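Report on the structure given below.
What follows is the structure, encoded as structure tokens:
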């Protein structure tokens with residue numbers, strides 16, 4: 054069962070990217086960080102903040118939105 | 074300046090809309106065929122209904138003919154001139170049926186062209202109901218003069234004239250109601266009996282009774298003897314023709330809009346009664362030819378009246394059975410028309426459902442491809458931007474470059490899958506396998 058941090062992350066990213074694509078990118082980044090949807094906690098997101106924000110922002114064309122996403126991820 | 078060629082621009086329409094348009098185009102011929110099929114039944118139903126109208130109009134007219142022939146019979150047997158009461162009785166039958174026919178004519182004149190104007194246009198003004206009723210009223214206006222044979226002969230001539238007029242009207246309505254052109258074998262031969270043979274037979278019975286009466290009273294000449302023989306022969310011929318027509322009607326019944334359960338039993342029974350009465354009557358006529366004194370005028374008139382009654386009974390049975398056959402035909406055509414329209418509608422509905430399902434099987438994978446590939450444009454654009462920024466930076470981030478490469482690689486993989494999926498949909502599994510092989514080769518190199 055996905056952890057609450059994972060669900061929150063998916064919800065946040067889905068407001069900027071198509072939800073299916075958001076799940077796909079998150080899954081790929083979790084794999085790269087050796088994390089899983091069930092085990093991930095807020096600390097993991099903070100620790101890999103730069104990687105996550107770089108990966109997600111590649112799919113946001115509007116630079117202001119991109120910046121907004123980065124800010125929200127940083128405040129996670 | 075070249076004129077623009079007319080074209081149906083569907084380039085901006087969605088795949089679903091295009092599939093729907095294809096279905097609509099293929100449904101169009103089904104709709105046109107259904108319309109033509111239904112339109113083909115409509116005139117056939119109209120013709121049968123017109124025949125029904127004509128047949129219902131014939132009924133009172135035939136009773137008028139019967140009444141006039143019976144009046145003539147009464148007159149022939151009226152040796153003493155004391156037959157006014159009997160004449161009035163049969164005259165009432167003529168009056169009431171002439172009234173019925175006239176009232177019916179108000180309703181059907183437009184269909185059967187039997188209004189005074191329509192008849193006048195066809196040079197049959199003398200067959201109008203105004204004329205027939207006026208002629209009949211003249212015949213029954215005052216107490217008939219029956220004292221002398223000459224007076225009775227004059228009245229008989231009046232009956233004869235009206236009989237001829239009504240018989241012509243029967244024939245005319247047979248034409249105008251299309252009864253004479255009946256398209257089915259069973260009803261055609263029944264029409265042959267009710268419209269042509271029986272009115273003639275009733276006429277021959279009346280004529281033979283009149284001539285027979287002269288011969289029996291000793292007033293007949295050699296010519297009358299010859300005429301009596303001719304009338305008898307014509308009656309025998311008509312009986313043979315009726316029997317043959319009935320036989321054909323029964324044989325053809327099953328092949329034309331189903332079997333009428335009452336046709337054979339009722340018509341056979343009525344024909345048997347008529348045949349029996351006519352055979353006795355013809356036998357009497359033959360015996361008169363050999364020995365005029367063998368019978369009396371009253372006995373001859375009685376036999377003639379019995380045959381007339383049997384002929385009317387047979388005619389009415391035939392006319393009612395003709396109604397049944399025509400109603401069965403109308404019902405059959407109506408049912409066939411509904412079936413044709415129903416099957417066509419079903420075909421269109423089924424085609425639409427199948428087209429909808431095929432459309433879904435095409436559009437759903439395409440929507441999936443769009444969802445997978447759409448973010449690729451943003452990814453490429455932003456990646457190029459980031460790579461450009463990184464190349465200007467003094468210290469480019471290795472991790473960021475790695476993430477961009479990972480995402481681009483993932484997208485490239487998605488694209489390969491999407492292209493294979495598209496190839497499978499567009500060209501089939503073989504083309505997809507070939508492409509997969511090429512992709513695998515390219516990945517290795």
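Chains as they are written, first to last, in this note's numbering: chain H, 54 to 129; chain X, 74 to 518. Even glycine gets a Cβ: it sits at the ideal position worked out from N, Cα and C. In this text the structure is predicted, and so the values were computed from the model without any measurement.
- Taking a Cβ-Cβ threshold of 8 Å, the residues of chain X close to residue 113/H are 451 and 455, in chain order.
- Annotation: residue 111/H to residue 452/X spans about 5 Å, alpha carbon to alpha carbon.
- Under the DSSP assignment, residue 66/H falls in the alpha helix (DSSP H) whose first and last residues are 57 to 67.
- Note that the C-beta distance between residue 391/X and residue 267/X is below 8 Å.
- The DSSP-derived three-state label of residue 88/X is helix.
- Listed in chain order, the positions of the segment 463 to 490 of chain X with a beta carbon within less than 8 Å of a beta carbon of chain H are 472, 473, 476, 477, 479, 480 and 483.
- Ranked by Cα distance from residue 389/X, the first of 137/X, 445/X, 484/X and 438/X is 137/X.
- Here DSSP, grouped into helix, strand and coil, assigns residue 449/X to helix.
- As the crow flies, the alpha-carbon of residue 413/X is around 34 Å from that of residue 318/X.
- The three-state secondary structure of residue 156/X, taken from DSSP, is coil.
- Looking at the backbone, the Cα of residue 405/X and that of residue 330/X are separated by about 6 Å.
- Within the segment 64 to 76 of chain H, the residues whose Cβ lies closer than 8 Å to some Cβ of chain X are 70, 71, 73 and 74, listed in chain order.
- The three-state secondary structure of residue 195/X, taken from DSSP, is coil.
- The C-alpha of residue 456/X lies about 47 Å from the C-alpha of residue 98/X.
- Within the segment 91 to 110 of chain H, contact with chain X at the beta-carbon level (separation under 8 Å) is assigned to 103, 104, 107, 108 and 110.
- Of 402/X, 250/X, 200/X and 437/X, the smallest CA-CA separation from residue 332/X is found for 402/X.
- Per DSSP, residue 54/H lies in no alpha helix (DSSP H) and is assigned neither H nor E.
- The beta carbon of residue 85/H sits closer than 8 Å to some beta carbon of chain X.
- Take the alpha-carbon of residue 361/X and the one of residue 344/X: they are about 25 Å apart.
- The shortest CA-to-CA distance from residue 366/X to any of 291/X, 147/X, 433/X and 423/X is the one to 291/X.
- At the C-beta level, residue 108/H and residue 476/X come within 8 Å of one another.
- Secondary structure of residue 332/X (DSSP, three-state): coil.
- When rounded, the separation of the alpha-carbon atoms in residue 433/X and residue 106/H is 37 Å.
- The alpha-carbon of residue 123/X is positioned some 11 Å away from that of residue 255/X.
- For residue 76/H, the enclosing alpha helix (DSSP H) begins and ends at 72 to 85.
- Contact annotation: residue 93/X and residue 246/X have beta-carbon atoms that are not nearer than 8 Å.
- Closest in alpha carbon position to residue 321/X, among 397/X, 241/X, 351/X and 259/X, is 259/X.
- Under the 10 Å beta carbon count, residue 257/X is surrounded by 16 or more other beta carbons and is classified as buried.
- Burial check for residue 74/H: the Cβ neighbour count within 10 Å reaches 16 or more, so the residue is buried.
- In this structure, the beta-carbon distance from residue 90/H to residue 59/H falls below 8 Å.
- In its chain, beyond the 5 residues on either side, 143 and 146 have a beta carbon closer than 7 Å to the beta carbon of residue 378/X.
- Residues of the segment 85 to 109 of chain X that bring their beta carbon within less than 8 Å of a beta carbon in chain H are absent altogether.
- Chain order gives no chain H residues near residue 433/X, where near means a beta carbon separation below 7 Å; the closest approach is about 20 Å.
- Against chain H, a Cβ distance below 8 Å from residue 448/X picks out 70, 71, 74 and 112.
- Inter-segment contact for the segment 189 to 200 of chain X and the segment 154 to 166 of chain X is absent: fewer than three beta-carbon pairs are separated by less than 8 Å.
- Restricting attention to 358/X, 185/X and 283/X, the CA atom closest to the CA of residue 309/X is found in 358/X.
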